Every structure is written in structure tokens, then in C-alpha cells.
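S.K.: One structure, pasted below without further comment.
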Amino acid sequence: MSETIRADKVMDLKGLPCPMPVVKVSKGIKEVAVGQILEAQTTDPGSLTDFPAWARTSGNEIVDTIQENGIIRIFIRRKV
Amino acid sequence: MTHDLAAVEKQLAEMRAQLDALQKRVPSNKLSMVVFSGDLDRALAAFIIATGAVAMGMDVVMFFTFWATPILRDPAKKVEDKDLMGKMFGTMLPKGACSVKLSKMNMGGLGTAMMKNLMKQKNVASLEQMIALAGELGVQIYVCELSMELMGFKREEMISYPAMDFCGVAKFLEEAMDSRVQLFI
Chain D
20 MSETIRADKV
30 MDLKGLPCPM
40 PVVKVSKGIK
50 EVAVGQILEA
60 QTTDPGSLTD
70 FPAWARTSGN
80 EIVDTIQENG
90 IIRIFIRRKV
Chain P
43 MTHDLAAVEK
53 QLAEMRAQLD
63 ALQKRVPSNK
73 LSMVVFSGDL
83 DRALAAFIIA
93 TGAVAMGMDV
103 VMFFTFWATP
113 ILRDPAKKVE
123 DKDLMGKMFG
133 TMLPKGACSV
143 KLSKMNMGGL
153 GTAMMKNLMK
163 QKNVASLEQM
173 IALAGELGVQ
183 IYVCELSMEL
193 MGFKREEMIS
203 YPAMDFCGVA
213 KFLEEAMDSR
223 VQLFI
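From first to last, the protein sequence lines stand for chains D and P.
Counting in the working numbering, the first sequence runs from 20 upward without gaps.
Counting in the working numbering, the second sequence runs from 43 upward without gaps.
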């Protein structure tokens with residue numbers, strides 16, 4: 020299923036600790052259109068709880084999360 | 043019939059007034075924070091929460107008071123005309139974010155230096171960088187006028203920050219009353 024998601028924009032946030040991934044994604048989401056997908060790549064395990072919390076609060080949607088080789092790929096659909 | 047209509051209209055007007063009063067009581071999606079501590083660890087926590095809150099879509103207002111006031115001093119700025127107490131506080135308190143210490147394990151400055159080193163290694167933003175980021179994100183900072191006065195700090199020795207102003211307790215309370223979240227650090 021994950022292979023079918025195509026990100027419209029990819030943000031490399033690897034190596035950045037709290038609060039940077041969420042701060043940067045909150046800016047980056049504005050660079051895709053509503054309905055488009057932003058892929059955030061992080062190495063911060065806190066992102067697994069932080070991104071869903073951020074998405075719920077900001078009204079966006081996490082469509083998929085993939086973990087591979089220590090990299091967390093979070094696919095966010097801009098809804099607002 | 044017309045009597046009934048008038049009664050309904052009156053009731054409607056009353057309900058509308060009640061609704062308006064209720065709406066005024068709903069706080070904004072805002073975070074008001076008192077930063078009281080002059081410790082590096084607590085100040086870092088304050089700025090991490092502040093920048094995170096902006097990412098979550100909140101407006102953020104920070105009030106710097108007491109020991110937190112010197113965090114906002116600019117080490118490059120010199121002020122001449124201070125009285126004896128002002129000079130004493132000026133020398134004894136940290137000159138800006140770069141010289142604040144950890145609340146624990148400072149060990150004469152060694153612990154703080156080690157922590158800063160570790161933060162750099164782990165890519166954690168420094169307090170100076172966090173302040174700059176907060177400025178970029180539009181975090182409003184107010185500095186307590188009473189603390190400035192007590193410690194003899196002059197406005198000219200504070201950092202250049204995009205949204206910094208000076209205030210008293212009423213301003214903090216006004217913001218706090220209109221904030222969904224309030225913190226004291």
C-alpha cells in the first residue's frame with residue numbers, strides 16, 4: 020500500500036531533534052496544495068507520537084507511516 | 043398573536059446576548075507563558091514549548107520576569123550610566139543567553155559546557171538559536187518592567203528581537219485570561 024502513495028513534496032528532517040521536525044513540517048505543509056501529500060523523513064522516534072498530535076490539532080491527515088532502516092517516513096495529506 | 047411574536051423576539055434577543063457573553067469567555071487558541079527562571083535547562087524548555095506551540099497553530103506570548111530577564115541581554119551591547127546596584131547586578135547576572143547556566147550539575151560551569159557540547163553533537167538547537175527561531179515564528183515577548191527596574195537593566199542592552207515589548211502584570215493577566223494554555227516556568 021505504501022508503494023502507491025506518491026508524495027508531492029519530500030522534507031528531509033533526518034538528524035533533527037524536537038521541536039524541529041514539527042516546526043519545519045508546520046511551515047512545509049503550506050508549500051503543498053490542499054489535497055496533496057507531504058512526506059516527512061525523520062530519525063526522531065518522538066515524531067511517531069508528535070506528528071499524529073500535530074495533524075489532529077492542525078486538521079491535517081497522516082495517511083501512512085513507514086519505518087525502514089531507522090528512518091521514519093510520514094505521509095501527510097494537507098486538508099486545510 | 044402579535045403579543046406572542048413580541049415575546050419570542052424578546053426571548054431571542056436575550057439568548058443572543060447570553061451567547062455573546064459566552065463567546066467572550068472562550069479563550070483564544072493562545073499560549074501564555076511566564077518565564078521566571080534564569081536556568082539554561084528551563085529556558086530551553088520554555089522556547090521548545092513556545093516554538094512547538096506555533097507549529098501546533100497557536101499564538102504564543104512569553105513574559106520574562108525576574109531571573110529570566112538577563113537571558114534577553116545582548117552581550118555585545120554596553121550601557122554606561124548605571125548606578126552601583128545596577129552595575130553589581132549587571133556583572134553578577136548572566137550577560138545573555140550564551141552565559142546562562144544549568145540548574146543542576148553546573149559544576150562551576152563545566153557541566154554547562156559539557157551539556158552545550160552534547161547538544162551540538164546531537165544537533166539540538168542552542169538557546170540563542172531557539173530565541174532567533176521564536177522571533178522568526180512570531181512569538182511575542184514581553185519583559186517585566188519591574189525586573190528591569192530592580193536589576194537596573196536598560197532597554198538599550200536587550201537583544202534585537204522582532205516582537206519585544208515591556209509591560210507590567212496587567213498585560214500578562216489580560217493575555218493569560220484570553221489563553222487556552224498558561225504556563226509558569
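Note that beta-carbon positions come from the ideal geometry of N, C-alpha and C, so glycine has one too.
What you are looking at is a predicted structure, and each value in this text was computed from that prediction instead of being measured.
What residues from the segment 44-73 of chain D come within 9 angstroms of chain P, judged by C-beta to C-beta, listed N to C?
M.R.: VAL44, SER45, LYS46, ASP69, ALA72, TRP73
S.K.: Within a Cβ cutoff of 6 angstroms, which residues of the same chain sit near ASP27(D), ignoring the five residues on either side of it in sequence?
M.R.: VAL51, GLN55, ILE56
S.K.: From the DSSP output, read off the bridge partner residues of MET200(P).
M.R.: Note: MET200(P) is bridge-paired with ARG115(P) in the DSSP secondary-structure output.
S.K.: Check the Cβ of GLY34(D) against every Cβ in chain P and list those closer than 8 angstroms, keeping chain order.
M.R.: ASN165
S.K.: Under three-state DSSP, which class holds VAL121(P)?
M.R.: coil
S.K.: Between the beta-carbon of MET206(P) and the beta-carbon of VAL185(P), is there less than 8 angstroms?
M.R.: yes
S.K.: Could you pull the start and end residues of the beta strand (DSSP E) that THR133(P) belongs to?
M.R.: Residue range 126-134 is occupied by the alpha helix (DSSP H) that includes THR133(P), with no beta strand (DSSP E) assigned at that position.
S.K.: Using a threshold of 8 angstroms, state whether the C-beta atoms of LEU169(P) and LEU54(P) are closer than that.
M.R.: no
S.K.: If you run the structure through DSSP and keep just helix, strand and coil, what is LYS146(P)?
M.R.: Looking at LYS146(P) - three-state DSSP - the assignment turns out to be coil, as it is neither helix nor strand.
S.K.: Opposite ASP83(P) in the DSSP bridges: which residues?
M.R.: In DSSP, ASP83(P) forms no bridge with anything.
S.K.: Report, in whole angstroms, the separation of the C-beta atoms of THR62(D) and ILE91(D), which I expect to be a contact under 8 angstroms.
M.R.: Yes, they are in contact, since the Cβ atoms of THR62(D) and ILE91(D) sit about 7 angstroms apart, within 8 angstroms.
S.K.: Nearest chain P C-beta to THR76(D) closer than 8 angstroms, yes or no?
M.R.: yes
S.K.: Listing by chain order, which chain P residues have their CB less than 9 angstroms from the CB of MET30(D)?
M.R.: Simply none; closest approach about 13 angstroms.
S.K.: In whole angstroms, give me the CA-to-CA distance for SER189(P) and ILE183(P).
M.R.: 14 angstroms
S.K.: If GLY80(P) sits next to TRP109(P), beta carbons under 8 angstroms apart, how far is it from one beta carbon to the other, in whole angstroms?
M.R.: 3 angstroms
S.K.: Just to check, is the beta-carbon of ALA118(P) closer than 7 angstroms to a non-hydrogen atom of the ligand NAP?
M.R.: The model depicted lacks the ligand NAP and carries no ligand whatsoever.
S.K.: Cβ of VAL101(D) less than 8 angstroms from any chain P Cβ?
M.R.: Lying outside 20 to 99, the shown extent of chain D, residue 101(D) is not represented and no answer is given.
S.K.: Cα separation between MET20(D) and ALA139(P)?
M.R.: Residue placement at MET20(D) is poorly supported in this model, since its pLDDT is 48, which falls under 50; the coordinates are not used for a value here.
S.K.: What residues of chain D sit near MET98(P), judged by a beta carbon separation below 9 angstroms?
M.R.: VAL41, SER45, ALA72, TRP73, THR76, SER77
S.K.: According to DSSP, simplified to helix, strand and coil, what is MET20(D)?
M.R.: In this prediction, MET20(D) has a pLDDT of 48, which is less than 50 and means its spatial position is unreliable; nothing more can be read from the coordinates.
S.K.: At a Cβ threshold of 8 angstroms, is ILE183(P) touching chain B?
M.R.: In the structure shown, chain B does not exist; the protein chains are D and P.
S.K.: For a test of the three-state rule: what should DSSP assign to SER168(P), helix, strand or coil?
M.R.: coil
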